[in-house]
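Numbered according to this note's numbering, the sequence shown spans residues 2 to 469.
Don't be surprised by glycine CBs; every beta carbon is placed ideally from N, CA and C.
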Amino acid sequence: MTTFICPDLQFRQASFTYWLDLISVLLPRLFISIIVGLILIRCRWFRCAMQRAEGIGRYRLILIIVFGLFAMLGTHSGIIIDQHQHVHLPLNPMAMGLNVLNGAEVTVGFRDTWALVAGLAGGWQVGLGTGLLAGIDRFMVGGDIKISTAIATTLLGLFAGLVRNYRPVWTKNVWRVLGVAILGTLLQRLVLLLLSPEPCDTLWLAVQIGIPVAIINIAGCVLFVWIMRDLEHERLENEARKAHLLVLQAQVERDRHLQLAQQSELRALRAQVEPHLLNNTLYLLKIHIRLDPEKARDYVDELAGFLNHMRQFAGQNTISLQQESEQLQRYLHLQNWVLNDRLKFELVMPEHLSPLQVLPMCLVTLVENAIIHAFEDCPEPYLLHISAMEQADNLLLSVQDNGKGIAPERLAELGKAPVTSYKSGGGVALYQITQSLKLEFGETAYLSLTSEDQKGTLAVLSQPKRSA
2 MTTFICPDLQ FRQASFTYWL DLISVLLPRL FISIIVGLIL IRCRWFRCAM
52 QRAEGIGRYR LILIIVFGLF AMLGTHSGII IDQHQHVHLP LNPMAMGLNV
102 LNGAEVTVGF RDTWALVAGL AGGWQVGLGT GLLAGIDRFM VGGDIKISTA
152 IATTLLGLFA GLVRNYRPVW TKNVWRVLGV AILGTLLQRL VLLLLSPEPC
202 DTLWLAVQIG IPVAIINIAG CVLFVWIMRD LEHERLENEA RKAHLLVLQA
252 QVERDRHLQL AQQSELRALR AQVEPHLLNN TLYLLKIHIR LDPEKARDYV
302 DELAGFLNHM RQFAGQNTIS LQQESEQLQR YLHLQNWVLN DRLKFELVMP
352 EHLSPLQVLP MCLVTLVENA IIHAFEDCPE PYLLHISAME QADNLLLSVQ
402 DNGKGIAPER LAELGKAPVT SYKSGGGVAL YQITQSLKLE FGETAYLSLT
452 SEDQKGTLAV LSQPKRSA
């Protein structure tokens, strides 16, 4: 172990060099302990303790133990200085027993830095607890000023903690933290002077090590500010993330309820369309039972098959165009039984459009309206042209007949509101199709009707293309 003997005159002449010597020895050791502290901060339990120490006792105890250990490390990795002989030499870190120091020997380390940081981080209880642990350890190390040093360290931790509790804004500003570190160092030196058995030697020590100790304390406290800012930033980010998650959950829940409401409304509309279709079909069946009972029996069989397939789509808001086309063909075949094959139809459904989604029974409803209303009192043949085509991002479904057409005043109302008619449900199905389109595909979907007297009607259903 190397020993440096420095007379008092030499200390005064070369004090700046001596301060640099002390700082160069102590600062790397402080940084090593701070690096360990930064590693600890990455641990969730320690971050939780830092953030909740002022409210929960067990977290305060964790901080007292951790900061107390760092403060003790600051004592046992420091430098020994003999106040009488003006000797300083490295302290053996393994000398952890009692009474390591003799007589006028003192240690200079970063014990007080961690007492300051503990108080600023956790409040007066953590500062006091850390100061007590570090003070008791310093007392056990020995030396003539062991009592005054132990008391000074304890009071330093308490002072920093009181600043944290009663002037919390000071812990968030770098310059104010610097002021707290300098003031705490001055108060500690004052306590040492007042309680020291050898005030002259203590005063000499304060002159020799005051600047280096202040620099060490300032460096530690500035790093503390950065650490606390990092913790606060992380806390705010977590709160923002949680708030954003709550907003997203609320939006998802709102969308789910909206979707359920739309599904309920769609099914309510379909519950009106399907009985309307069935009612018209049964009306035709009633007529043919009187005219041709045998044919009516076969018609009932066909109707049962048609209704069975319709039941498969009962729980779906949309089906594929291919499924709708197949169901439409069953319905057309059913109607030809009634019309004695007088109905001629052309179905044009491009294969590449088959997977696109459409409303269940949309084409069946348009065709049913054409058969019931367009061909009354019209000469044969009854012609229907049913097709699907794409236009940009939209799917167009059209049903064109060669019937008697629709009066202009009535045409303006169809699809926009239920229209009264001498026949059951006249105009209701078209209105319900329009409403269902807008619920399922949005406001861009629509049903348009164009008609010429005695030349027929064209119904076009336009909706955005949507795959399953």
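query: What residues are listed by DSSP as bridge partners for S326?; result: Partner(s): none; S326 has no beta bridge.
query: Report yes if the C-beta distance between D202 and A116 is below 8 Å; otherwise report no.; result: no
query: Could you tell me which whole beta strand (DSSP E) segments of length 3 or greater appear in the region 101-185?; result: 106-109
query: Is DSSP giving Q336 helix, strand or coil here?; result: helix
query: I think V127 touches R61, with their Cβ atoms under 8 Å apart; what is that distance to the nearest whole Å?; result: 5 Å
query: If you follow the alpha helix (DSSP H) that L76 is part of, which residue opens it and which one closes it?; result: Reading off the sequence, residue 76 comes out as Thr, not Leu. It spans G58 to H77 - the alpha helix (DSSP H) in which T76 sits, taken as one unbroken run.
query: Give me the Cα-Cα distance between A393 and I290, rounded to the nearest whole angstrom.; result: 48 Å
query: Using the beta-carbon count (16 or more within 10 Å), is N174 buried or exposed?; result: exposed
query: Would you mind stating whether A408 and T366 have Cβ atoms separated by less than 8 Å?; result: no
query: Quick check on T357: does DSSP put it in helix, strand or coil?; result: The displayed chain sequence assigns Leu, not Thr, to residue 357. Three-state DSSP puts L357 in coil, outside helix and strand.
query: Compute the distance between the beta-carbons of D402 and G457, then report whether it is under 8 Å.; result: yes
query: Determine the DSSP secondary structure at N218, reduced to helix, strand or coil.; result: helix
query: Taking buried to mean at least 16 other C-beta atoms within 10 Å of its own C-beta, is E441 buried or exposed?; result: buried
query: If we ignore side chains and look at the alpha-carbon of each, how far apart do A305 and M311 end up?; result: 10 Å
query: So, are the CB atoms of A389 and M350 less than 8 Å apart?; result: yes
query: Just curious, the alpha helix (DSSP H) that S437 is in, first and last residue?; result: V429 to F442
query: Flag this pair as yes or no: are the beta carbons of T108 and V142 separated by less than 8 Å?; result: yes
query: According to DSSP, which residues form a beta bridge with N395?; result: Q392 and P465
query: What's the gap between the Cα of F376 and the Cα of L385?; result: 10 Å
query: Apart from the five residues just before and just after L348, which ones in its own chain have a Cβ nearer than 6 Å to its Cβ?; result: I387
query: By DSSP, does D293 sit in helix, in strand, or in coil?; result: coil
query: Quick check: the Cα distance between L283 and L329, rounded to an integer number of angstroms?; result: 18 Å
query: Could you give the distance in angstroms between the alpha-carbon of F470 and the alpha-carbon of L41?; result: Beyond the ends of the chain as shown, which are 2 and 469, falls residue 470; an answer cannot be given.
query: Assign Q358 to one of two classes, buried (16 or more other C-beta atoms within 10 Å of its C-beta) or exposed (fewer than that).; result: buried
query: For R343, collect the residues of the same chain with a Cβ closer than 7 Å to its Cβ; drop the 5 residues on either side in sequence, then sort them by chain order.; result: E381, P382 and Y383
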